[in-house]
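Colleague: Have a look at this one before I ask anything.
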Amino acid sequence: MNNLKEIIDKIIRDAFPELMSEDIKIEYKSLNDALLECGSLTGEGFYIEVDTTLENAPVEVKEGGLAHELAHVSKDRDKRLISKLRDRFASFISKRYKTLDERNTDLEVIIRGYGPQLLSFLEYSEKKGFPHYKEDGLAIREVKSLL
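Residue 30 is where the sequence shown starts when you use the working numbering, and the numbers rise one by one after that.
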C-alpha cells in the first residue's frame with residue numbers, strides 16, 4: 030500500500046472518522062520548505078501535498094506525516110474563514126503560537142493512535158537531514174516518552 034489516497038483512507042477509517050465525508054485532494058509535489066503541507070481548497074474541501082522526497086519512504090513514515098496533516102484538517106474543518114485567517118496570521122507573527130499549534134497537533138496524532146508512525150516520520154526526517162525546529166512540534170525524545 031504505497032498509494033497516498035489508500036494511505037489517508039486507512040488513517041481516516043482508523044483514527045479520523047469525522048473526515049470520512051470530506052473531500053481531500055492529495056498529491057506528490059516538489060515543496061520548497063516542508064515535507065508535507067495542507068490547507069483549504071477554494072469552496073469546499075482540503076488539500077495535502079507530499080514532497081516528492083517521500084515517494085520512496087516506508088509506509089509508516091508516510092502514515093506519520095499524513096496523520097499529522099489530517100489532525101490539522103480535522104481541527105480546521107469546522108472553522109469559519111475568519112478563524113482560519115486569524116490562526117494563519119497568529120502563526121505568522123508569533124513563533125510561540127505556531128509552536129503551540131504544532132505541538133498540540135502532534136499530541137492529537139498520538140492520542141488517536143498514530144504515535145508510532147509519527148515517531149517513524151520524525152526519525153526518518155532526521156536521518157535524511159531535514160531540520161526539525163522547536164516550532165515544528167514535538168521532538169523525537171518527547172514523542173518517545175509519550176508512547
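Virtual Cβ for every residue (Gly too), placed ideally from N, Cα, C.
Since the model is a prediction, treat every value here as computed from it, not as a measurement.
Give me, in chain order, the residues of the same chain whose beta-carbon lies closer than 7 angstroms to that of Ala100; leave out the 5 immediate sequence neighbours on both sides.
Modeller: The residues are Thr134, Glu137 and Val138.
Colleague: Looking at Val88: is its Cβ nearer than 7 angstroms to the Cβ of Leu65?
Modeller: The answer is no: Cβ separation not under 7 angstroms.
Colleague: Please say whether Cys67 and Ile77 have beta carbons closer to each other than 7 angstroms?
Modeller: The answer is yes: Cβ separation under 7 angstroms.
Colleague: Grab me the residues of Lys83's own chain with a C-beta within less than 8 angstroms of its C-beta, minus the 5 sequence neighbours each way, in chain order.
Modeller: With the sequence shown as reference, residue 83 is identified as Leu, and Lys is not the correct amino acid for it. Excluding sequence neighbours, Leu83 sits near Tyr57, Leu64, Leu65, Val90, Lys91 and Gly94.
Colleague: Should Asp52 and Gly74 be called a contact, given that it needs their Cβ atoms to be closer than 7 angstroms?
Modeller: Contact: yes.
Colleague: How about Glu164 and Thr128: are their beta carbons less than 7 angstroms apart?
Modeller: Yes, Cβ-Cβ distance for Glu164 and Thr128 is below 7 angstroms.
Colleague: Between which residues of its own chain and Tyr153 is the CB-CB distance below 7 angstroms, once the five residues before and five after are set aside?
Modeller: Excluding positions up to five away in sequence, the list reads Ala86 and Val90.
Colleague: Between Lys156, Ala44, Ala96 and Ser174, which lies nearest to Glu131 when the distance is taken from Cα to Cα?
Modeller: Taking only the C-alpha atoms, the option nearest Glu131 is Ala96.
Colleague: Determine the closest residue to Gly166 out of Lys157, Phe150 and Ile122, with distance taken between C-alpha atoms.
Modeller: The shortest Cα separation from Gly166 among Lys157, Phe150 and Ile122 belongs to Phe150.
Colleague: Measuring alpha carbon to alpha carbon, tell me which of Tyr143, Leu70 and Pro160 ends up nearest Ile36.
Modeller: Ranking the options by Cα distance to Ile36, first place goes to Tyr143.
Colleague: Using the Cα positions of Ala168 and His161, report the straight-line distance between them to the nearest angstrom.
Modeller: Near 8 angstroms, if we compare the C-alpha coordinates of His161 and Ala168.
Colleague: Leu176: buried (16+ other C-beta within 10 angstroms of its C-beta) or exposed?
Modeller: Burial call: exposed.
Colleague: Assign Leu70 to one of two classes, buried (16 or more other C-beta atoms within 10 Å of its C-beta) or exposed (fewer than that).
Modeller: Exposed, since its Cβ has fewer than 16 Cβ neighbours within 10 Å.
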